[in-house]
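Student: Numbering (our numbering), first residue to last: 15 to 504. Sharing a structure with you now.
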């Protein structure tokens, strides 16, 4: 099947009120550009090229994701977004139909027209930006990215929240890429991890937005732009003030924030980024079934990049699933582990899971320093905690499983740490994405990610308190069992 990418860059395809400018990768309704992601455009290209014919799901996936392994749900997400963008079939227009058991077909007549792109749209499509080049595909985030792309122009201030290594920056940059054609005055990235002084934030933005020195926010007022503030967790108060001021002074500016915790700003919409999906044991009956989970997809994709000819076999499924599970479905951790497949093989990787922190000290030379190793990413989070937060986090690492608040108070408080103070610190650690809060069976439970726990246990051992805390933990649960007849808090 020949891709529309190979068609003439001057080609324009007309269907209904829409014009598909292939060279500009742009669909217009009149002179209004439709907000479509890159993958959705790829799907549309293939379908329009074969208008009137049925294209199988397998052929579409092979054409749109030629170098990646993806779930069929990814295709359905993009088909749904295309249908919404093209009017959802309203007014008698139905462009893409599903042929059961066969695939999809583009059923509207298509005309080839001379290439004419309105001047305003030419300017819009060539919006300036300072986004870095993306070196690898984004895996397992289509639904989240699509949600942000749809909501951001209307919500205007959205914060992607999650622990280190979850892929907040990756998601934000992908959203920014897809919204390039929407913002006439550009998409601008400000990486706040490079500064520690709140006073430097305004200087950084002045340089990025090319403002005159001393310019006020009113200067930005009429711009139609997207500002991406990456890594805001250590500058929360400053970023909150900045975002609220921009929201008021610049009504056509949208702001996408990444942070371990929300800004708590007026008008902020928070999206907590989940880990990649890890298959349950019952989903290991076939390679195809296991590959429908995004954690496995990412592992296989990065393993193939590291080891030529890597193939996932049925006998490997339990090992790969265990690796992804022990690494909490964290994209950074999975990438770093898969990169060592050539040196360690699956058996070696799985053998080192008992000390996954040691396993993940290997790095990516092309990444920014805090993402080159998982240790660097965890250092970035840990070093910005207060001494009390560090102390509590170390003690909580003794829990091997999820634990209740009562268990934490009973085992960790004392030695000058009051129960009320401990509860407050735990709430702060959960807000900062260093503790996971799980609701179930009417009881809230906290849990450390395996990777975080390994990191903090090393800190606790270095402090000389590991043995004492393990003894306290054993004593606490021994007493709990003797009084209640069951183990509480784990």
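Using N, Cα and C, we set each Cβ at its ideal position, and we do this for glycine too. Since the structure is predicted, the reported quantities are computational estimates derived from the model, not experimental observations.
With respect to the alpha helix (DSSP H) encompassing residue 255, which residues constitute its N-terminal and C-terminal limits?
Tutor: Element bounds for residue 255: 250-263.
Student: Hey, residue 290 and residue 268: beta-carbon distance below 8 Å or not?
Tutor: Against a cut-off of 8 Å, the Cβ pair of residue 268 and residue 290 comes out as no contact.
Student: Indicate whether residue 261 and residue 170 have their beta-carbon atoms separated by less than 8 Å.
Tutor: For residue 261 and residue 170, yes; Cβs fall inside 8 Å.
Student: Indicate whether the contact test is met: 3 or more Cβ pairs, each with one atom in the stretch 202-220 and one in the stretch 240-260, closer than 8 Å.
Tutor: Counting Cβ pairs under 8 Å, three or more are found: they touch.
Student: I'd like to confirm the pairing. Which residues does DSSP put opposite residue 244 in its beta bridges?
Tutor: According to DSSP, residue 244 bridges with 205.
Student: Given a threshold of 16 other Cβ atoms within 10 Å of its Cβ, counted over all protein chains shown, does residue 329 qualify as buried or as exposed?
Tutor: That one is exposed.
Student: Please go through the same chain and pick out, in chain order, the residues whose beta-carbon is closer than 6 Å to the beta-carbon of residue 281, but skip the five residues on each side of it.
Tutor: These residues qualify, in order along the chain: 171, 261.
Student: Between the alpha carbons of residue 178 and residue 257, how many angstroms are there, rounded?
Tutor: Looking at the two C-alpha atoms, the distance is approximately 23 Å.
Student: Whose C-alpha, out of 438, 445, 316, is nearest the C-alpha of residue 149?
Tutor: Among 438, 445, 316, the Cα nearest to that of residue 149 belongs to 316.
Student: Grouping DSSP H, G and I as helix and E and B as strand, with all else coil, what is residue 85?
Tutor: Residue 85 falls in the coil class under three-state DSSP.
Student: Ignoring anything shorter than 3 residues or poking outside the stretch 257-336, list the beta strand (DSSP E) runs there in chain order.
Tutor: For the stretch 257-336, whole beta strand (DSSP E) runs of length 3 or above, ordered along the chain, are 267-273, 283-286.
Student: Using the C-alpha atoms, what's the distance from residue 394 back to residue 98?
Tutor: So the two alpha carbons sit approximately 41 Å from each other.
Student: Taking Cβ positions, are residue 411 and residue 461 nearer each other than 8 Å?
Tutor: No. Outside cutoff.
Student: With C-beta atoms as the reference, is residue 93 less than 8 Å away from residue 110?
Tutor: Going by C-beta atoms, residue 93 is nearer than 8 Å to residue 110.
Student: Let's see if you can read the secondary structure: which residues bound the beta strand (DSSP E) around residue 43?
Tutor: Element bounds for residue 43: 40-43.
Student: Within 10 angstroms of its Cβ, does residue 113 collect 16 or more other Cβ (buried), or is it exposed?
Tutor: Classification of residue 113: exposed, given that the 10 Å Cβ count is below 16.
Student: Nearest to residue 195 by alpha carbon, out of 446, 51, 431?
Tutor: Of 446, 51, 431, the residue nearest in Cα terms is 51.
Student: For the beta strand (DSSP E) that contains residue 150, what are its first and last residues?
Tutor: Segment: none, residue 150 is in no beta strand (DSSP E) and carries neither H nor E.
Student: Judging by CA-CA distance, which residue of 30, 66, 387, 56 is the nearest neighbour of residue 44?
Tutor: It is 30 whose Cα lies nearest to the Cα of residue 44.
Student: Where does residue 401 land, buried or exposed, given buried means 16+ other C-beta within 10 angstroms?
Tutor: Answer is exposed; the Cβ neighbour count stays below 16.
Student: Ends of the beta strand (DSSP E) at residue 117?
Tutor: Taken as a continuous stretch (DSSP letters only), the beta strand (DSSP E) holding residue 117 covers 117-120.
Student: At the level of alpha carbons, what is the spacing between residue 58 and residue 96?
Tutor: Distance between the alpha carbons of residue 58 and residue 96 is about 8 Å.
Student: Is DSSP giving residue 418 helix, strand or coil here?
Tutor: The answer is strand: DSSP assigns residue 418 an E or B state.
Student: How big is the Cα-Cα spacing for residue 442 and residue 49?
Tutor: If I take the Cα positions, the gap works out to 38 Å.
Student: Taking 8 Å as the threshold, find out whether the stretch 350-365 comes into contact with the stretch 332-340 through three or more Cβ pairs.
Tutor: Touching, yes.
Student: So who's on the other strand from residue 585, going by DSSP bridges?
Tutor: Nothing about residue 585 can be read from this structure; the chain reaches only from 15 to 504.
Student: At which residues does the beta strand (DSSP E) containing residue 458 begin and terminate?
Tutor: From DSSP, the beta strand (DSSP E) with residue 458 extends over 457-461.
Student: Less than 8 Å between the CB atoms is what I'm expecting for residue 174 and residue 271, so what's the real figure, rounded?
Tutor: Yes, they are in contact, since the Cβ atoms of residue 174 and residue 271 sit about 7 Å apart, within 8 Å.
Student: Please state if the CB of residue 245 and the CB of residue 206 are separated by a distance shorter than 8 Å.
Tutor: The answer is yes: Cβ separation under 8 Å.
Student: Can you tell me which residues form a DSSP beta bridge with residue 112?
Tutor: In the DSSP output, where bridge partners are listed per residue, residue 112 has 118.
Student: Taking only three categories from DSSP, how would you classify residue 494?
Tutor: Three-state result, residue 494: helix.
Student: My understanding is that residue 425 touches residue 487, with C-beta atoms under 8 Å, so please give their C-beta distance in whole angstroms.
Tutor: Their Cβ separation, rounded to whole angstroms, is 6 Å, which keeps residue 425 and residue 487 in contact under 8 Å.
Student: Which residues mark the beginning and the end of the beta strand (DSSP E) in which residue 233 is found?
Tutor: Where residue 233 is concerned, there is no enclosing beta strand (DSSP E), given that its DSSP letter is neither H nor E.
Student: Under DSSP, the beta strand (DSSP E) around residue 408 begins and ends at which residues?
Tutor: Run containing residue 408: none in the beta strand (DSSP E); it sits in the alpha helix (DSSP H), 401-410.
Student: Rounding to the nearest angstrom, what Cα-Cα distance links residue 225 and residue 201 in this structure?
Tutor: Rounded to the nearest angstrom, the two C-alpha atoms are 15 Å apart.
Student: Which of the three DSSP states, helix, strand or coil, is assigned to residue 25?
Tutor: In the structure shown, residue 25 sits in coil (DSSP, three-state: anything other than H, G, I, E or B).
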